[in-house]
Amino acid sequence: MRHDPDDLIMLFNDLFRDEYRTVLVRGGDEPEYLPATEPDGFAQIIFAHGYYASALHEISHWCIAGEYRRRLRDFGYWYCPDGRSAEQQRAFEKAEINPQALEWLFSVAAGARFHISVDNLSGTGAWDEDAFRRNVTAQANDYLEHGFPVRAGQFFQTLRLFYGTEAGFNEVWNKETRRLMPECSVTDTEVN
């Protein structure tokens, strides 16, 4: 299956441009969220290097951010780059559970490969990668069982329809869960 970031740009912008005055934009070295600076302007979700996975990850952050946070550059969150201390990494892993859970679900909906990321290669490494994996998996299953944030649910469904993954989603999700969490038993979560 072909995974072109231009497809994500089209899907996201068609879905959210008018109502949320937000567009997805291909960027350079670093991802970034820029709120609109003028009343009729557009906020921009800028994903790094034109990477498909980066786009899905940045969209995930946007889907979680509330109205107040969407008025702030990078949603008002701190970001400490690669090379974090153990305490900074612990905070990072806690903050990344929800966005990585959504990114994983979006990836499966698009038929794309997902990789959990602790994003700290130059620092102390993961705080607790096994716990992080379990937490991301639990959150993803919670979204499937109890529902997505509104914008995330809209985008998830759009991806499944566009990539034709709706019918086989549950089977693929169970395989993906076993791939990323081989020691965990998989509970079949039905998605309608």
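To convert, take the position in the sequence shown, counting from 1, and add 106; that gives my numbering.
We put the CB at the ideal spot given by N, CA and C, even for glycine.
Subject >> Ala-138 versus Ala-171: straight-line alpha-carbon distance, rounded >> reply: On the sequence shown, residue 138 is found 32 positions in, with the first residue counted as 1. On the sequence shown, residue 171 is found 65 positions in, with the first residue counted as 1. Looking at the sequence itself, residue 138 is Glu, so the reference to Ala does not match. Straight-line Cα distance between these residues: approximately 14 Å.
Subject >> Thr-293 in three-state terms, based on DSSP >> reply: Residue mapping note: residue 293 aligns to position 187 of the sequence shown, counting from 1. Note that Thr-293 scores a pLDDT of 46, beneath 50, so its modelled location is shaky and nothing firm can be said.
Subject >> Span of the beta strand (DSSP E), counted from its first residue to its last, around Tyr-158 >> reply: Within the sequence shown, numbered from 1, the residue matching residue 158 stands at position 52. Element bounds for Tyr-158: not the beta strand (DSSP E) but the alpha helix (DSSP H), 158-170.
**OP:** Could I get the ranges of all uninterrupted alpha helix (DSSP H) runs contained in the stretch 233-266, with 4 residues as the minimum, in chain order?
**Re:** 235-252
Original post:
With distances taken between CB atoms, is the gap from Phe-212 to Ile-165 smaller than 8 Å?
Top reply: For the purposes of this step, residue 212 is taken as the residue at position 106 of the sequence shown. For the purposes of this step, residue 165 is taken as the residue at position 59 of the sequence shown. Contact flag set, yes.
Subject >> Reduced DSSP secondary structure (H/G/I, E/B, other) of Tyr-139 >> reply: Along the sequence shown, one-based indexing puts residue 139 at 33. Strand, per DSSP.
Original post:
By how many angstroms is the C-alpha of Asp-124 removed from the C-alpha of Ile-222?
Top reply: In the sequence shown, residue 222 corresponds to position 116, counting from 1. In the sequence shown, residue 124 corresponds to position 18, counting from 1. About 32 Å.
**OP:** Report yes if the CB atom of Pro-205 is closer than 8 Å to the CB atom of Gly-156, and no otherwise.
**Re:** Here residue 205 is taken as the residue at index 99 of the sequence shown, counted from 1. Here residue 156 is taken as the residue at index 50 of the sequence shown, counted from 1. No; because the gap between Cβ atoms is not below 8 Å, this pair is not in contact.
**OP:** Measure how close the beta-carbons of Leu-140 and Leu-114 come, nearest whole angstrom, since I'm counting them as under 8 Å.
**Re:** Within the sequence shown, residue 140 is the residue found at index 34, counting from 1. Within the sequence shown, residue 114 is the residue found at index 8, counting from 1. Not really, about 18 Å apart at Cβ, beyond 8 Å.
**OP:** Assign Tyr-249 to one of two classes, buried (16 or more other C-beta atoms within 10 Å of its C-beta) or exposed (fewer than that).
**Re:** Position 143 of the sequence shown, counted from the start, is the residue given in the question as residue 249. With 16 or more other Cβ atoms within 10 Å, it is buried.
**OP:** Out of Leu-286, Tyr-126, Leu-178, Arg-132, state which residue places its alpha-carbon closest to the alpha-carbon of Asp-300.
**Re:** The structure shown does not extend to residue 300, since the chain is modelled only from 107 to 298, so the question has no answer here.
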